[in-house]
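Participant:
Number of protein chains: 2
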Amino acid sequence: MEVFVNDRFVPEAEAVVPYNDLAVTRGYGVFDFFRMVDGRPIFFADHMHRLQHSAAQLHLQVPYSADAIYEIVLELWKRQPMPTCGIRITVTGGVSSDSYTIGTPNLIVSQMPLKPLLPDDELPAVKVNTYQWIREMAHVKSLNYMTGVWLQPVLQKEALFDALYHDSNGVVSEFPRSNVFAVIQHGKLITPARHILQGITRKYVLELAARQMPVEVRDVTLQELLTASEVFQTNTSRRITPVVSIDGRPIGSGKPGPVAISIYKNMLEKELITG
Amino acid sequence: MEVFVNDRFVPEAEAVVPYNDLAVTRGYGVFDFFRMVDGRPIFFADHMHRLQHSAAQLHLQVPYSADAIYEIVLELWKRQPMPTCGIRITVTGGVSSDSYTIGTPNLIVSQMPLKPLLPDDELPAVKVNTYQWIREMAHVKSLNYMTGVWLQPVLQKEALFDALYHDSNGVVSEFPRSNVFAVIQHGKLITPARHILQGITRKYVLELAARQMPVEVRDVTLQELLTASEVFQTNTSRRITPVVSIDGRPIGSGKPGPVAISIYKNMLEKELITG
């Protein structure tokens, strides 16, 4: 496996970050992650736009233009073609002599195999718990996933798939790596407006859903999720993941619901035609 | 400059972390930092105890005992003796195949020159602003200093030295890298009890101060600081740093106060006799 680091492709074992880069010393940096199908980056422009936004928010500069990154990504794929893979672009805070002042970012473009998206009749149904937490600068796709990673062993002990973040007032925001949607009375689709990362899948789900049902982007309470007919996650790796249990309480029918399946089908079609 | 990485001393240019270590991908890991004077690690046992605590809190294991780390630190110092230096021990989340599950930690022991502590009549007097923020798992010395680093360019624009964190109720907690103390009416010394890192300097300041004045560890409000006769920071690098302005409002006499100077003197003596 090769990895692109700053200005060259190197074997994976040589893809490293200096010990005194702010990414290592302070968890400071940003990234983005997208899928690539048959050599085609999916929603590439959206991901590059978000990467630029995240970097600017953290006073960092992405060292290449989106076009230049596109060429790097294609070259990486040509060197190691995979039917479906994920590409991660990491921009670090850079080496810092005092371990605190922002330096010159290091750029890493790495590739990992992904399973193809499941057919819609094989969508999984997952169980989650809630956890009171609001991510630090949630609108920035930063390197900081401390609470998300920390929760992993805790969730695994209870065979839970994920943790749904909410604030002290019971207003939900997102999962550590996914946005959340719910279908409530009168077939309305709702999703939180605040304290979230602006997911690319979320964006397209909102667009596709608006063609077939009323959609609201606003504060969403835990109580609304518990009485929803459907709840689902959206993210880049799996697109849509139906949630059928929250804190041990069943959601909807206990199976992937019709709205999740319908939007998922539309997403699969959308990916075929969008570059 | 040499750095110890996992099991050997390497030249600084080879002191690196894999691109897919959770420290780089998720800002996940812990560290500690102590001073070394004439080859003697200061408050070493305290720092190792805290490192073990931080690691355990993040489901990580420090790969060596405190005794073994002591030997590594001494060997590092012998290879590059410095009158005063800082030693940083970093324990990363380790390489993670799925970029999320905790791996086997990488250990880095690095050294950097430090200026000797100033004589007490040269203590600086610094100006700070407040910032509403509570650190994520503040009791853990994790790698996550995202907000602290992010604030740096913001503070520098206004020639401010640091930012004092407080919650939405005006209860102060700490600075990004320092604890906070205040001297209030009747010569009482107060310092926040919650949402803080248990500073090693804080611990000794509490111990030394208790010999000469009433001390309270409890919730402290911004209002109390603004009317205090003295406010000061404590941390490992500088020990005690008097604060003479908060949000542009003068604190105390505008100069380092007698309590800060007295405790600082006692700290300097304490360091001479403590290993």
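Keeping their order, the protein sequence lines are chains D and G.
Going by this note's numbering, the first sequence opens with residue 1, and the numbers climb by one from there.
Going by this note's numbering, the second sequence opens with residue 1001, and the numbers climb by one from there.
Note that beta-carbon positions come from the ideal geometry of N, C-alpha and C, so glycine has one too.
Here the structure is a predicted model, which is why all the values come from computation and not from measurement.
Under 7 Å, CB to CB, which of the residues in the stretch 6 to 19 of chain D have a partner in chain G?
Facilitator: Those residues of the stretch 6 to 19 of chain D that come within reach of chain G (Cβ to Cβ, closer than 7 Å) are ALA15, VAL16, VAL17, PRO18 and TYR19.
Participant: Is G/ALA1163 close to chain D? Criterion is C-beta to C-beta, closer than 8 Å.
Facilitator: Within the second sequence, the letter at position 163 stands for residue 1163 of chain G. Chain D, which has no Cβ nearer than 8 Å to the Cβ of G/ALA1163, makes this no.
Participant: Under 7 Å Cβ-Cβ, which residues of chain D neighbour G/THR1234?
Facilitator: Taking the first residue of the second sequence as position 1, residue 1234 of chain G is located at position 234. By Cβ distance, chain D contributes nothing, its closest Cβ being about 17 Å from G/THR1234, past 7 Å.
Participant: Could you tell me which of G/VAL1037, G/PRO1119, G/GLY1148 and G/GLN1080 sits nearest to D/GLY319, measuring between CA atoms?
Facilitator: Since the first residue shown for chain D is 1 and the last is 275, residue 319 of chain D is missing from the structure and cannot be characterised.
Participant: Is DSSP giving G/HIS1139 helix, strand or coil here?
Facilitator: Taking the second sequence and counting its residues from 1, the one referred to as residue 1139 of chain G is at position 139. Here G/HIS1139 sits in coil by DSSP.
Participant: Determine the burial state of G/ARG1202: buried for a count of at least 16 other Cβ atoms within 10 Å of its Cβ, exposed for fewer.
Facilitator: As a first step, residue 1202 of chain G is located in the second sequence; it is residue number 202 there, counting from the start. G/ARG1202 comes out buried.
Participant: Given a threshold of 16 other Cβ atoms within 10 Å of its Cβ, counted over all protein chains shown, does G/MET1001 qualify as buried or as exposed?
Facilitator: Position 1 of the second sequence holds residue 1001 of chain G. Its Cβ having fewer than 16 others within 10 Å, G/MET1001 is exposed.
Participant: From D/VAL128, D/SER65, D/THR101 and D/SER54, pick the residue whose C-alpha is nearest to that of G/GLN1156; which is it?
Facilitator: Start at 1 with the first residue of the second sequence, and residue 1156 of chain G comes out as number 156. Ranking D/VAL128, D/SER65, D/THR101 and D/SER54 by Cα distance to G/GLN1156 puts D/THR101 first.
Participant: Using a Cβ-Cβ cutoff of 8 Å, what residues of the stretch 1091 to 1106 of chain G are near chain D? List them in chain order.
Facilitator: Residues THR1092, GLY1093, SER1099, TYR1100, THR1101 and ILE1102.
Participant: State the Cα-Cα distance for the pair D/GLY252 and D/ASP121, rounded to the nearest angstrom.
Facilitator: Against the first sequence, residue 252 of chain D aligns to sequence position 252. Against the first sequence, residue 121 of chain D aligns to sequence position 121. Rounded to the nearest angstrom, the two C-alpha atoms are 17 Å apart.
Participant: 8 Å is my cut-off, CB to CB: does G/PRO1153 come that close to chain D?
Facilitator: Position 153 of the second sequence, counted from the start, is the residue given in the question as residue 1153 of chain G. Cβ-Cβ to chain D under 8 Å: yes for G/PRO1153.
Participant: When the Cα atoms are used, what is the spatial distance from G/ASN1235 to G/ARG1177?
Facilitator: Counting from 1 along the second sequence, the entry for residue 1235 of chain G is found at position 235. Counting from 1 along the second sequence, the entry for residue 1177 of chain G is found at position 177. For G/ASN1235 and G/ARG1177, the distance between alpha carbons rounds to 7 Å.
Participant: With a cut-off of 8 Å, does the C-beta of D/GLY27 fall near any C-beta of chain A?
Facilitator: Structure shown: chain A not included; protein chains present are D and G.
Participant: Look at the alpha carbon of G/HIS1053 and the alpha carbon of G/PRO1192, and state the distance between them as a whole number of angstroms.
Facilitator: Your numbering for residue 1053 of chain G matches position 53 in the second sequence. Your numbering for residue 1192 of chain G matches position 192 in the second sequence. Taking the straight line from one Cα to the other gives about 20 Å.
Participant: Are three or more beta carbon pairs between the stretch 85 to 102 of chain D and the stretch 55 to 63 of chain D nearer than 8 Å?
Facilitator: The answer is yes - the stretch 55 to 63 of chain D touches the stretch 85 to 102 of chain D, with three or more Cβ pairs under 8 Å.
Participant: Output, in chain order, the set of chain D residues within a Cβ distance shorter than 9 Å of G/TRP1077.
Facilitator: Taking the second sequence and counting its residues from 1, the one referred to as residue 1077 of chain G is at position 77. The premise fails here: G/TRP1077 is roughly 18 Å from chain D at the closest Cβ pair, so nothing lies under 9 Å.
Participant: Rounded to whole angstroms, what is the Cα-Cα separation between G/LEU1114 and G/ALA1045?
Facilitator: Taking the second sequence and counting its residues from 1, the one referred to as residue 1114 of chain G is at position 114. Taking the second sequence and counting its residues from 1, the one referred to as residue 1045 of chain G is at position 45. Rounded to whole angstroms, G/LEU1114 to G/ALA1045 spans 20 Å at the Cα level.
Participant: Can you give me, in chain order, the residues of the stretch 1187 to 1203 of chain G that have a beta carbon less than 8 Å from any beta carbon in chain D?
Facilitator: Cβ contacts with chain D come from no residue of the stretch 1187 to 1203 of chain G.
Participant: Would you mind stating whether D/VAL17 and G/VAL1243 have Cβ atoms separated by less than 8 Å?
Facilitator: Residue mapping note: residue 17 of chain D aligns to position 17 of the first sequence, counting from 1. Residue mapping note: residue 1243 of chain G aligns to position 243 of the second sequence, counting from 1. It is not a contact, given that the beta carbons lie outside the stated cut-off.
Participant: Any Cβ of chain D within less than 8 Å of the Cβ of G/LEU1117?
Facilitator: The residue labelled residue 1117 of chain G in the question sits at position 117 within the second sequence. Answer no: the Cβ-Cβ gap between G/LEU1117 and chain D never drops below 8 Å.
Participant: Below 8 Å, how does it come out for the stretch 32 to 52 of chain D and the stretch 153 to 172 of chain D: are there three or more Cβ pairs, yes or no?
Facilitator: Cβ pair count under 8 Å is below three, so no.
Participant: Along the chain, where does the alpha helix (DSSP H) containing G/MET1267 start, and where does it finish?
Facilitator: In the second sequence, counting from the first residue as 1, residue 1267 of chain G sits at position 267. Where G/MET1267 is concerned, the enclosing alpha helix (DSSP H) stretches over 1258 to 1273.
Participant: Measuring alpha carbon to alpha carbon, tell me which of D/ARG50, D/ARG40, D/PRO41 and D/ASN20 ends up nearest D/VAL30.
Facilitator: Against the first sequence, residue 30 of chain D aligns to sequence position 30. Closest option to D/VAL30, Cα to Cα, is D/ARG50.
Participant: Could you check which residue in D/ILE200, D/ASN179, D/HIS186 and D/TYR204 has the C-alpha nearest to that of D/ARG194?
Facilitator: Position 194 of the first sequence holds residue 194 of chain D. Selected option, being the one with the closest Cα: D/ASN179.
Participant: Does the stretch 1001 to 1011 of chain G come within contact of the stretch 1072 to 1079 of chain G, defined as at least 3 CB pairs closer than 8 Å?
Facilitator: Yes: the two stretches touch, three or more of their Cβ pairs being nearer than 8 Å.
Participant: Once the 5 residues before and after D/TYR264 are set aside, which same chain residues still bring their CB inside 7 Å of it?
Facilitator: The residue labelled residue 264 of chain D in the question sits at position 264 within the first sequence. Cβ neighbours of D/TYR264 beyond the five flanking positions: ASP120, LEU123, ARG239 and ILE240.
Participant: Does the beta-carbon distance from D/LYS270 to D/TYR204 come in below 8 Å?
Facilitator: In the first sequence, residue 270 of chain D corresponds to position 270, counting from 1. In the first sequence, residue 204 of chain D corresponds to position 204, counting from 1. Contact flag set, yes.
Participant: Below 8 Å on the Cβ atoms is my contact criterion, and I expect D/LEU160 with D/VAL172 to pass it. Report the Cβ-Cβ distance as a whole number of Å.
Facilitator: The residue given as residue 160 of chain D occupies position 160 in the first sequence. The residue given as residue 172 of chain D occupies position 172 in the first sequence. Actually they do not touch by this definition, with Cβ atoms about 16 Å apart.
Participant: Taking 8 Å as the CB-CB limit, is G/TYR1145 close to chain D?
Facilitator: On the second sequence, position 145 is the one that residue 1145 of chain G refers to. Yes, because at least one Cβ of chain D sits closer than 8 Å to the Cβ of G/TYR1145.
Participant: Determine the extent of the beta strand (DSSP E) in which G/HIS1166 is found, giving its start and end residues.
Facilitator: Reading the second sequence from its first residue, position 166 is the one you call residue 1166 of chain G. Its beta strand (DSSP E) spans residues 1162 to 1166.
Participant: Excluding sequence positions up to five away, which residues of its chain have a Cβ less than 8 Å from the Cβ of D/GLU136?
Facilitator: Position 136 of the first sequence, counted from the first residue, corresponds to residue 136 of chain D. Hits under 8 Å: SER142 and ASN144.
Participant: Can you give me the Cβ contacts of G/VAL1217 inside the same chain, cut-off strictly under 8 Å, excluding the 5 residues immediately before and after it?
Facilitator: The sequence position of residue 1217 of chain G within the second sequence is 217, counting from 1. Result list for G/VAL1217: ILE1190, THR1191, PRO1192, ALA1193 and LEU1206, in chain order.
Participant: Helix, strand or coil for D/PHE44 per DSSP?
Facilitator: Here residue 44 of chain D is taken as the residue at index 44 of the first sequence, counted from 1. Correct three-state label for D/PHE44: helix.
Participant: Tell me, please, whether the CB atom of G/SER1142 is closer than 8 Å to any CB atom in chain D?
Facilitator: Within the second sequence, residue 1142 of chain G is the residue found at index 142, counting from 1. Chain D, which has a Cβ nearer than 8 Å to the Cβ of G/SER1142, makes this yes.
Participant: Comparing the C-beta of D/ILE69 with each C-beta of chain G, is any distance below 8 Å?
Facilitator: Counting from 1 along the first sequence, the entry for residue 69 of chain D is found at position 69. No - not a single Cβ of chain G is within 8 Å of the one on D/ILE69.
Participant: Taking C-alpha atoms, which residue in G/LYS1127, G/GLN1185 and G/TRP1133 lies nearest to G/ASP1162?
Facilitator: Mapped onto the second sequence, residue 1162 of chain G falls at position 162. Selected option, being the one with the closest Cα: G/LYS1127.
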